[in-house]
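Novice: Below you'll find the structure I mean.
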DNA sequence: CATGAATGAGTTTTCATTCAT
DNA sequence: TATGAATGAAAACTCATTCAT
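Chains as they are written, first to last, in the numbering used here: chain V, 1 to 209; chain R, 1001 to 1209; chain F, 2001 to 2209; chain C, 3001 to 3209.
Take a look at the structure:
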């Protein structure tokens, strides 16, 4: 019994250490993918940055693509955690949509690396199984967001069965905008007020087109 | 004299045939990059699709990256050709901005392959010389569009020196949106009216944030 | 303790095995370069001969050229190890020079592969960084030999600042001679006595010219 | 008759022009091979330097290797032209050998490009038919020189059947020395007096070894 | 489990040679 | 005959993945 506890806590410690390595891999991996690009960043760079051996990578993730899929999942889960509360707040139709869109924009403005990841991960979509996983995961997010803003659809005259398009627009434009900003090193610091005004003007353009 | 013309036209035919191969390479290259992804599509696939030998590719373009840079240039030039006339039409401030934004959106809606290319090309921006070329080319486009919509900036209360942010938003959101649509196979056929309404709602969200 | 040693020796064994592969690569590489020529011998042939995978080659040497540079270094170091003792033996001026020259000649006579390597490596000298490295390495050898025979220079009426020319002549003529012998398959077994006599006669020719 | 002559001279002119192109190709080819190395210099560079189209090269020479073989032939013929007269001059044994050696040395001292060519061409010897041709051509030269110095062999106590070794030494050492000088950029301008003295000293070394 | 050395399929790129004009 | 565009075999090199320790 006296060594049961130590054993257990030893096991605990070991598991914790392992979890820690995984967390570090994903953290550094996200940074590197965003900074150097999905293909320019090599598995070895990621493990070096995370301070683990190259082989360790593959005990945590079955492949590099699966790793990217995990990163995408993590980002979208994180984003979802911030989006969902907005859907629970009772507001009128437009306010709901606006709130959800706003959360997306702020999210990627503060985390351009996440924007870089999601944008680049889309390029894998055609490939094998992990690519399909990524696609499914993004669609799942869109579905979730779609459901969230669904109550706002009808009042706004939007067909109920196309709510996923709404979600797509929210994700794609915010993500795309901040990825371009990031890679081109332009306008990253555009203050929300500018973004606000720009959105309004763009909307008028669309309406009038 | 009778053989002078044939000789000339023979040289002409030769050059025309070569130009034709180049055009076919770029055409098929754009398709393949969009469909399979920038890295998943191999030079040999492009040449096979274009009906030329592998080596021929490198007589037209010094490297695959340079090829992508050329594609980006072509797309942006094509887009600019459609954007510029809008800038010449006399309209009030908002109308100008709205018109330019509208052209961008329609352009990528009709040519999702172009959206796929531009989005993915941004991932090369960190790399070597061709990557820098791509970056410079996109910035040039943004500069041009910025100048075009500059007259609309002041009246709308937008700082004159940040017109490039306006341009960035127009390009990034439209390009990003249709790339996501394309790869996720969702909402590609969203009718303009929906896009219009969505823009308006998004704008309200931004305003309220 | 009982597993400490095995662990250590396991790591040792691992490193030893790796070093062994490197040694085999250089051994077989030298042979192949000499037999097939620097350009006719492919990396894959070398690795096949050494019994390792193609990729392994590049974990030991950053490039084929760098590999050649390493071979050159190895040969010159080996040669230097035999030359240096001669410089320490107290002899009069001519005897010193004669001894050093003799070592060079005997060295390449017994190792025509080394002569083939050095001669061909000179062709890389114009190229990039590894070529410069090779050049620098050969010059370093010449400098060392020059210093060694320097005491003999003045007594023989040779300008002190041109001792490197002495070294060059010793290396180039011996190396060149045995490379020609090797590739042309002529005179490889010329007995030392012949070489001796020929040298004397040649000298008289030079003197009389 | 009045147009017979023009026709003929037209044909003459054309043939002369063609011969001229061939000469220019060999001239520039020799320079480039010596400066950039046998493999680093491309056929197109040679034709550009010679001011002819790339295809023209192959109407003059069946392959690049055959071209090198022709260059080797040219150099050796040129060298032979200077060597032969020495063989006809009546001198005693040592004087004959010394004279022939001297011509070789002076030849390559003045034409380091020729030395570079011959040295590098030896690397092709293992390859296909043109390589064998080169080997045969060099051996032919050695045979000729051997015959030339044969009268000196017996008086010097040299076995008659090894005269080719004498020739080899004359060619290899002079050619090797000036190639090393050239590529390493050391001692190229060693005045004959130094070379003379060095040869004498080297000889003593050989004798004493 | 962690590690890093070994691996080879796969990629871009080169360049001598061919051939239609 | 001269030309230069087209060609594809071949080479160096990369890197995700495996596996012995």
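Ideal placement from N, C-alpha and C gives every residue a C-beta, glycine not left out.
It should be emphasised that the depicted structure is a prediction, and the values quoted were computed from it without experimental measurement.
(1) List the whole-angstrom C-beta distance separating residue 2142 (chain F) from residue 2164 (chain F), where the pair is believed to meet the contact cut-off of C-beta under 8 Å.
(2) Given that residue 3082 (chain C) touches chain F, what residues does it touch there, using C-beta distances under 7 Å?
(3) Note down the Cα distance separating residue 1064 (chain R) from residue 1043 (chain R), rounded to an integer number of angstroms.
(4) Candidates V:107, V:182, V:154: which alpha carbon is nearest residue 1123 (chain R)'s?
(5) Please list the terminal residues of the continuous alpha helix (DSSP H) segment that includes residue 1177 (chain R).
(6) Let's see if you can read the secondary structure: which residues bound the alpha helix (DSSP H) around residue 61 (chain V)?
(7) For residue 1015 (chain R) and residue 1021 (chain R), what's the separation of their Cα atoms in angstroms?
(8) Within the same chain, show all residues whose beta-carbon is closer than 6 Å to that of residue 2150 (chain F), passing over the 5 residues directly before and after it, in chain order.
(9) What is the residue span of the alpha helix (DSSP H) that residue 2144 (chain F) lies within?
(10) Can you pull the chain F neighbours of residue 3141 (chain C), defined as C-beta to C-beta under 7 Å?
(11) Please list the terminal residues of the continuous alpha helix (DSSP H) segment that includes residue 3047 (chain C).
(12) Determine the burial state of residue 2159 (chain F): buried for a count of at least 16 other Cβ atoms within 10 Å of its Cβ, exposed for fewer.
(13) Alpha carbon to alpha carbon, how far is residue 3079 (chain C) from residue 3094 (chain C)?
(14) Among C:3056, C:3085, C:3176, which has the Cα closest to the Cα of residue 3023 (chain C)?
(15) If distances are taken between C-alpha atoms only, which option among V:10, V:186, V:36, V:147 comes closest to residue 96 (chain V)?
(16) Flag residue 38 (chain V) as yes if its beta-carbon sits less than 8 Å from any beta-carbon of chain R, otherwise no.
(17) Does the contact criterion of 3 or more C-beta pairs under 8 Å hold for the region 3097-3115 of chain C versus the region 2099-2111 of chain F?
(18) For chain R, is any of its Cβ atoms less than 8 Å away from the one on residue 109 (chain V)?
(19) Using beta-carbon positions only, say whether residue 3071 (chain C) and residue 3117 (chain C) come within less than 8 Å of one another.
(20) In angstroms, rounded to a whole number, what distance separates the CA positions of residue 3119 (chain C) and residue 1127 (chain R)?
(21) Counting along the chain, where does the alpha helix (DSSP H) carrying residue 3096 (chain C) start and finish?
(22) Here's a check: name, in chain order, each residue in its chain whose Cβ is nearer than 6 Å to the Cβ of residue 1050 (chain R), leaving out the five neighbours to either side.
(23) Measure the alpha-carbon distance for residue 1112 (chain R) versus residue 1178 (chain R) and round it to whole angstroms.
(24) List the residues of chain F that residue 3126 (chain C) touches, going by C-beta distances under 9 Å, in chain order.
(25) So with Cβ pairs under 8 Å, would you call residue 2073 (chain F) a contact of chain C?
(26) Could you tell me which of V:47, V:17, V:155, V:170 sits nearest to residue 67 (chain V), measuring between CA atoms?
(27) Work out the CA separation of residue 3168 (chain C) and residue 2203 (chain F) for me, nearest whole Å.
(28) Taking only beta-carbon atoms, is residue 1001 (chain R) less than 8 Å away from chain V?
(29) Given a threshold of 16 other Cβ atoms within 10 Å of its Cβ, counted over all protein chains shown, does residue 2174 (chain F) qualify as buried or as exposed?
(30) Going along chain V, which residues have a C-beta under 9 Å from residue 1135 (chain R)?
(31) How is residue 1126 (chain R) classed by DSSP in three states: helix, strand or coil?
(32) Look at the Cβ atom of residue 1134 (chain R), then the Cβ atom of residue 1034 (chain R), and state whether they are nearer than 8 Å.
(33) State yes or no: is the C-beta of residue 2184 (chain F) within less than 8 Å of the C-beta of residue 2145 (chain F)?
(34) Identify the contact partners of residue 1068 (chain R) in chain V, using a Cβ-Cβ distance below 7 Å as the criterion.
(35) Output, in chain order, the set of chain R residues within a Cβ distance shorter than 7 Å of residue 138 (chain V).
Specialist: Let me lay it out:
(1) Position 142 of the third chain, counted from the first residue, corresponds to residue 2142 (chain F). Position 164 of the third chain, counted from the first residue, corresponds to residue 2164 (chain F). In this structure, residue 2142 (chain F) and residue 2164 (chain F) form a Cβ contact; the two beta carbons are roughly 5 Å apart against a cut-off of 8 Å.
(2) For this step, residue 3082 (chain C) is matched to residue 82 along the fourth chain. Neighbours of residue 3082 (chain C) on chain F: none; closest Cβ ~13 Å, over 7 Å.
(3) As a position in the second chain, residue 1064 (chain R) is number 64, starting the count at 1. As a position in the second chain, residue 1043 (chain R) is number 43, starting the count at 1. Per the coordinates, the alpha-carbon of residue 1064 (chain R) lies some 7 Å from the alpha-carbon of residue 1043 (chain R).
(4) Within the second chain, numbered from 1, the residue matching residue 1123 (chain R) stands at position 123. The option with the nearest alpha carbon to residue 1123 (chain R) is V:182.
(5) Counted from its first residue, the second chain places residue 1177 (chain R) at position 177. Where residue 1177 (chain R) is concerned, the enclosing alpha helix (DSSP H) stretches over 1163-1184.
(6) The residue given as residue 61 (chain V) occupies position 61 in the first chain. DSSP places residue 61 (chain V) in no alpha helix (DSSP H); its state is neither H nor E.
(7) The residue given as residue 1015 (chain R) occupies position 15 in the second chain. The residue given as residue 1021 (chain R) occupies position 21 in the second chain. Note on geometry: alpha-carbon atoms of residue 1015 (chain R) and residue 1021 (chain R) lie some 10 Å from one another.
(8) Your numbering for residue 2150 (chain F) matches position 150 in the third chain. 2163.
(9) Along the third chain, read from residue 1 onward, the residue named residue 2144 (chain F) stands at position 144. That run of the alpha helix (DSSP H) goes 2129-2153.
(10) Against the fourth chain, residue 3141 (chain C) aligns to sequence position 141. Near residue 3141 (chain C) there are no residues of chain F at all, since even the closest Cβ is about 10 Å away, more than 7 Å.
(11) Here residue 3047 (chain C) is taken as the residue at index 47 of the fourth chain, counted from 1. Per DSSP, residue 3047 (chain C) belongs to the alpha helix (DSSP H) from 3043-3050.
(12) Looking up residue 2159 (chain F) in the third chain gives position 159. The residue is exposed, with fewer than 16 neighbouring Cβ atoms inside 10 Å.
(13) For the purposes of this step, residue 3079 (chain C) is identified with residue 79 of the fourth chain, where counting begins at 1. For the purposes of this step, residue 3094 (chain C) is identified with residue 94 of the fourth chain, where counting begins at 1. Rounded to the nearest angstrom, the two C-alpha atoms are 21 Å apart.
(14) Taking the fourth chain and counting its residues from 1, one reaches residue 3023 (chain C) at position 23. Out of C:3056, C:3085, C:3176, the CA that lies nearest to the CA of residue 3023 (chain C) is found in C:3056.
(15) Counted from its first residue, the first chain places residue 96 (chain V) at position 96. It is V:147.
(16) Sequence index remark: in the first chain, residue 38 (chain V) carries index 38 (1-based). Cβ-Cβ to chain R under 8 Å: yes for residue 38 (chain V).
(17) The region 2099-2111 of chain F and the region 3097-3115 of chain C do not touch, with fewer than three beta-carbon pairs separated by less than 8 Å.
(18) Locating residue 109 (chain V) in the first chain gives position 109, counting from the first residue. No - not a single Cβ of chain R is within 8 Å of the one on residue 109 (chain V).
(19) The residue labelled residue 3071 (chain C) in the question sits at position 71 within the fourth chain. The residue labelled residue 3117 (chain C) in the question sits at position 117 within the fourth chain. With contacts defined as CB atoms closer than 8 Å, residue 3071 (chain C) and residue 3117 (chain C) qualify as a contacting pair.
(20) Here the question's residue 3119 (chain C) lines up with position 119 in the fourth chain. Here the question's residue 1127 (chain R) lines up with position 127 in the second chain. The alpha-carbon of residue 3119 (chain C) is positioned some 42 Å away from that of residue 1127 (chain R).
(21) The residue labelled residue 3096 (chain C) in the question sits at position 96 within the fourth chain. It spans 3093-3110 - the alpha helix (DSSP H) in which residue 3096 (chain C) sits, taken as one unbroken run.
(22) The residue you call residue 1050 (chain R) lines up with position 50 of the second chain. Only residues of its own chain outside the window of five on either side were considered, and among them 1024, 1025, 1028 have a CB closer than 6 Å to the CB of residue 1050 (chain R), listed in chain order.
(23) Indexing the second chain from 1 puts residue 1112 (chain R) at position 112. Indexing the second chain from 1 puts residue 1178 (chain R) at position 178. When the Cα atoms are used, residue 1112 (chain R) and residue 1178 (chain R) turn out to be separated by approximately 6 Å.
(24) As a working note, residue 3126 (chain C) is residue 126 in the fourth chain. Result: 2035, 2036, 2037, 2040, 2183.
(25) For the purposes of this step, residue 2073 (chain F) is taken as the residue at position 73 of the third chain. At a cut-off of 8 Å, the C-beta of residue 2073 (chain F) has no neighbouring C-beta in chain C.
(26) As a position in the first chain, residue 67 (chain V) is number 67, starting the count at 1. The option with the nearest alpha carbon to residue 67 (chain V) is V:47.
(27) Within the third chain, the letter at position 203 stands for residue 2203 (chain F). Within the fourth chain, the letter at position 168 stands for residue 3168 (chain C). Caution is warranted here: a pLDDT of 48 is assigned to residue 2203 (chain F), below 50, making its placement in the model unreliable, and the coordinate value is therefore given only provisionally. Their backbone Cα atoms lie some 16 Å apart in a straight line.
(28) Translated into positions along the second chain, residue 1001 (chain R) becomes position 1. Only weak support is given to the placement of residue 1001 (chain R): the predicted model assigns it a pLDDT of 42, under 50, and the value that follows is read from those uncertain coordinates. Residue 1001 (chain R) does not count as touching chain V.
(29) For this step, residue 2174 (chain F) is matched to residue 174 along the third chain. Counting of Cβ neighbours within 10 angstroms places residue 2174 (chain F) among the buried residues, the total reaching 16 or more.
(30) Here residue 1135 (chain R) refers to the residue found at position 135 when the second chain is read from its first residue. Residues of chain V with a Cβ closer than 9 Å to the Cβ of residue 1135 (chain R) are, in chain order, 183, 184, 185.
(31) What you label residue 1126 (chain R) is simply residue 126 of the second chain in a count that begins at 1. Assignment of residue 1126 (chain R) by DSSP, reduced to helix, strand and coil, places it in the coil class.
(32) Numbered from its first residue, the second chain carries residue 1134 (chain R) at position 134. Numbered from its first residue, the second chain carries residue 1034 (chain R) at position 34. No.
(33) What you label residue 2184 (chain F) is simply residue 184 of the third chain in a count that begins at 1. What you label residue 2145 (chain F) is simply residue 145 of the third chain in a count that begins at 1. No, these two residues do not count as a Cβ contact at 8 Å.
(34) Against the second chain, residue 1068 (chain R) aligns to sequence position 68. What residue 1068 (chain R) touches in chain V: nothing, since even the nearest Cβ is about 13 Å away.
(35) On the first chain, position 138 is the one that residue 138 (chain V) refers to. What residue 138 (chain V) touches in chain R: 1184.
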